[in-house]
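Heads up: the sequence shown begins at 394 in this note's numbering, then just goes up one per residue.
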Amino acid sequence: MKNILSDLNEVQRSAASVIDGPILIIAGAGSGKTRVLSYRIANLIQSGVSPDSILSLTFTNKASEEMKERIKKVLNVKNVPIWAGTFHSIFAKILRREAEQIGYKKNFTIYDTDDAKSVVKKIMNEKNISTQQFSSDSICRRISYAKNQMISPSEFEEKSKFGIDAVAAKIYPEYQNYLLNCNSMDFDDLLLNLIKLFSKNKNILDNYQERFKYILVDEYQDTNRAQYEAINMLAAKYKNICVVGDDAQSIYAFRGADIRNILDFERDYPKAKTFRLEQNYRSTKSILAIADSLIKYNRNQIKKNLWTDNPKGEVVSIYNSFDERDEAKYVVKNILSQMNSNNYMLNDFVVLYRTNAQSRVLEDELRRNAIAYKIIGGVVFYQRKEIKDLLAYFRLLVNPDDNISFLRVINFPTRGIGTVSLNKFIQLAKEQMWGEISFLSALNDIQILNQLPEKVKASFISFKIIVEKYKNLLSQMSFNEVVRLLVDEIGILKLLKDEATPESIARWQNILELLNAVTEFCETKPEPTLEKFLEEVALISAVDKLDEKKNSVTLMTLHATKGLEFKNVFVVGLEEGLLPMSQTMPSPEEVEEERRLFYVGITRAMEKLFLTHAKQRMRMGETSFANPSRFLDEIDKKYIVEEKSKHDFVPKRIFKSERKIKETHFDYESESQEDKNFRVGAIVEHDAFGRGKVTHLVGRGENAKAVVWFEEIGQKNLMLKYAPMRIVE
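What follows is the structure, encoded as structure tokens:
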């Protein structure tokens, strides 16, 4: 029998050949970490380890599928029955089996970010908390942060006494109760509830420790505290844990990722064997030298020396553009030039930026030149309204307790149930059935329905009949047939086709595509169920749907590009305030994370790398001067060539007479504050709207008003007396 590890280099082979005990694999960019993980699993199986006892955890379905395909190829088998998938999908699978042990039913719904915001908005309205003063999105982020840090509602309330945290602390316990009553979990709950399950049921934990005797974790540097705790609970008995990662690519602190998890692995497992994968197979010597010279400025890191046998390659271009439009023209010009001279395809190019807002000008220029492109991280297919509406119907068939789905589709398509009637029904249901109940089950109470107008009553009953009909049909025929019959009966396709606008036709096509996705799922998955389909949809990521074969230029944020590689990479917007992101006094840790983000962008490049920065850029509604990123001074100058814009640099002045101030509506806040000496141009921080810039001031004293351009939401008009806002610059 051939030694399957003979295809690996010496260090890779050493890392893949160890069978028992804790292992830390420090895998530099492009060093073949997926290859090593795949071969390590294949070697475990060939050495007699049962595939059932292997658990492989990744951060994307794409990475998991790629790993399974490699293992099958190495072992020359058609199927590898290991447990492999993302943290959320694997933990959801365990919770489906054990949900009743922690007060849930096995048919629980998984709420995505939009669903979570809907719950938060509902609670805020019930508590009379202004959604203008505090956005539901901000509240959700604070609750998610608390969960990632494993902070309970009571602990969070004790710690949070001021500002948005104090508001989030009031909502957090209500939010959790609402989810439990709806038999639903959000993404963070999939982690926390697994820990809760194991903590309260030692016998269940023991069963899974026995089952998963060998655990492998990809991208370990991106784990948060909850993931860290869950992994260590599973590995505690046998300690056969292998983690792979690169501290230099830890870029998700804003999601709760804790770089200390990988930095302290040897402290957690004193007997761990450590391997450093330092040979890069992806990039040219020039690109790797640029990356290496940059990352050495980070003090908080595991030392490694990346090297490559690849050719030296071309020097890296740094273009000093006049503005963002000149920058976009430079990108497009080089795409066309490289295609003509080197026979590249469009899908050999990616343009990376720090914020999604930077894509607009690039898109304009690509369209002008008839260049096909795709954006990763825009509106994901399953987040489109018409798709979310139908998925809500599907979720009700699986989980009748899902009140958020009920509220979403009770009047979709329109069936004459207005807001007043719906609110009356909800109030009657709560009074009649004592508190939080399933709205769908409340439709069985004739006393409630009899207090509604006859037409509304008839509509509610009609809705109930439809849901119950197709719920029952799920046990009699394939769910592919059931959902097609349901879509046909509610008549949404006919309505959209009859409307015959470009928008309605696009929505009609999207629904057909959803039905195609259901069919594909049924044809390709073992034992397909509607429950499994909904779970896969809920846990899908934008990168999972990246079609690498489609011949088009890719546009994406630096955060989204982890794990990918392209022959030609453009990193644009390399300016102070963008990369690193603007902070009044950024901490050393924040600067290091931004430097790692730039490092990730650089190391996506295989053959050619183009870096750009602009002298001026439109931000917060105004054109402002821009200074080159400090990171450009840190890269090795031996490997770069600088180009300057041919445009004459004439600063654009915006005169006050040219500005139009909208004074028709100002948002009033609830708590009076003293005069804060605001000025035009001041950078401010608002509790709900985030960071912004004062562009205009109107009035004085008690009547002083400000127009503020916020980075995330655009322009807001505020009464200064009441605005929960501070000057930070």
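Just so it is clear, CB atoms sit at the ideal spot from N, CA and C, and this is done for glycine as well.
Rounded C-alpha distance that separates residue i from residue j
| i | j | result |
| --- | --- | --- |
| S734 | N727 | 10 Å |
| R801 | F1071 | 42 Å |
| L908 | V880 | 9 Å |
| K781 | K498 | 23 Å |
| Q820 | I810 | 15 Å |
| S431 | K461 | 7 Å |
| N617 | K1039 | 47 Å |
| M626 | G1094 | 59 Å |
| T677 | S980 | 33 Å |
| I588 | S545 | 13 Å |
| E1078 | L990 | 24 Å |
| F914 | K554 | 48 Å |
| K514 | R534 | 13 Å |
| E548 | A561 | 12 Å |
| A763 | E906 | 26 Å |
| P704 | I1076 | 47 Å |
| N586 | V1087 | 44 Å |
| I557 | Q525 | 12 Å |
Contacting residues, own chain, Cβ-Cβ under 6 Å from residue i (five flanking each side not counted)
| i | result |
| --- | --- |
| F742 | I728, V946 and N961 |
| Y571 | V512 |
| I655 | Y613, Q614, G638 and D640 |
| F1059 | Here the model assigns F1059 a pLDDT of 40, short of 50, so the residue's position is not dependable, and the following value carries that caveat. Correct list, in chain order: K1098, N1110 and M1112. |
| L583 | H481, F484 and A485 |
| I418 | A408, V637 and F668 |
| F1018 | Q1009 |
Test: residue i CB closer than 9 Å to a CB of chain D
| i | result |
| --- | --- |
| P566 | Going by chain labels, chain D is absent from the structure shown, which holds only one protein chain. |
Close Cβ partners of residue i (< 8 Å) along its chain, the five nearest in sequence each way excluded
| i | result |
| --- | --- |
| P444 | I438, V473, P474 and I475 |
| P806 | I883, G884, I885 and L888 |
| Q776 | D505 and D507 |
| I683 | V709, I995, L1002, I1028, D1029, Y1032 and I1033 |
| I854 | L836 and L842 |
Three-way DSSP call (helix, strand, coil) for residue i in this model
| i | result |
| --- | --- |
| L450 | strand |
| F527 | coil |
| V636 | strand |
| K1085 | What sits at residue 1085 in the sequence shown is Gly, not Lys. G1085: strand per DSSP, three-state reduction. |
| G478 | strand |
| S868 | coil |
| R788 | helix |
| F799 | helix |
| V708 | coil |
| R747 | coil |
| E1078 | strand |
| I495 | helix |
| F484 | helix |
| K689 | coil |
Contact set for residue i: own chain, Cβ-Cβ below 7 Å, skip 5 residues either direction
| i | result |
| --- | --- |
| V411 | K666 |
| F787 | V876, L923 and L927 |
| F1042 | A caution first: F1042 carries a pLDDT of 45, below 50, which makes its placement in the model unreliable, though a value can still be read off. Once the five neighbours on either side are set aside, the close Cβ partners of F1042 are F715 and K1008. |
| V911 | N873, V876 and F926 |
| I803 | I810, L815 and F856 |
| R718 | V754 |
| Y737 | Q731, K960 and N961 |
| R406 | L398 |
Reference residue i, options the options, closest by Cα
| i | options | result |
| --- | --- | --- |
| G1083 | E519, S852 and S528 | S528 |
| Y621 | N541, Y568 and L573 | N541 |
| D579 | N521, A509, E519 and L587 | A509 |
| N402 | L670, N703, P1117 and L951 | L670 |
| L1002 | E707, S407 and R489 | E707 |
| C635 | L585, D795, E458 and L450 | L450 |
| E896 | G556, K778 and I557 | K778 |
| F774 | N740, S831 and L932 | L932 |
| K455 | K697, A953, S1022 and L1004 | A953 |
| G414 | I557, Y662, I522 and K426 | Y662 |
| V344 | L866, I830 and R808 | With the chain running from 394 to 1122 in the structure shown, residue 344 is simply not present. |
Check whether residue i and residue j have beta carbons under 9 Å apart
| i | j | result |
| --- | --- | --- |
| Q602 | A619 | no |
| I503 | I532 | no |
| F484 | A623 | yes |
| L957 | R988 | no |
| Y1032 | I688 | no |
| T950 | Y746 | yes |
| L609 | I487 | no |
| N633 | K664 | no |
| N574 | N843 | no |
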